[in-house]
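Remarks on the structure that follows.
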Amino acid sequence: MSIRTAVYAATTALVAILIGSGGLAYVLRVPDVVQGVVALGFPIHFVVLLGAWKVLGAIAIVLPRLPLVKEWAYFGIVLDLTGAAYTSVATGAAWWHAAAPLAIALLAAVSWALRPDSRRLRGAALTLAA
503 MSIRTAVYAA TTALVAILIG SGGLAYVLRV PDVVQGVVAL GFPIHFVVLL
553 GAWKVLGAIA IVLPRLPLVK EWAYFGIVLD LTGAAYTSVA TGAAWWHAAA
603 PLAIALLAAV SWALRPDSRR LRGAALTLAA
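All residue numbers for the sequence shown refer to this note's numbering, where the first residue is 503 and numbers rise by one.
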């Protein structure tokens, strides 16, 4: 296994686990998690919807094929994470409440950039050297 493949697999697994488990906590309405999201100003019904999207995104990035679905899943994951960081800053939360989602967004970007050709849209513009 090449280093590129190993880094892709590790970052993808890590992002899927972090996003998927967080999404599951949202869907199951884990009290501490719901309290944290509601404290940021979001309504409780949004927590469940966001959780479902997170779980679906985590599944999409690990499934084989479906390159268009993967593109949208990566976009949604990065949008969610950067939105979480921005909301944390805007509400005056501790610095690590913004740093953690940005770090995961960076992992998602690495996973996206290193994905194999079989998981890319045909004609994708960004290509990294092997």
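Positions of the beta carbon are idealized from the N, C-alpha and C atoms, including for glycine.
Since this is a predicted model, take the numbers as computed values, not measurements.
Spatial distance of S613 from F544 (CA atoms): 29 Å
T593 in three-state terms, based on DSSP: coil
Terminal residues of the alpha helix (DSSP H) in which R506 lies: I505 to V529
D582 classed as buried or exposed, judged by whether at least 16 other C-beta atoms fall within 10 angstroms: buried
R624 in three-state terms, based on DSSP: coil
Collapsed DSSP secondary structure at L616 in the structure displayed: helix
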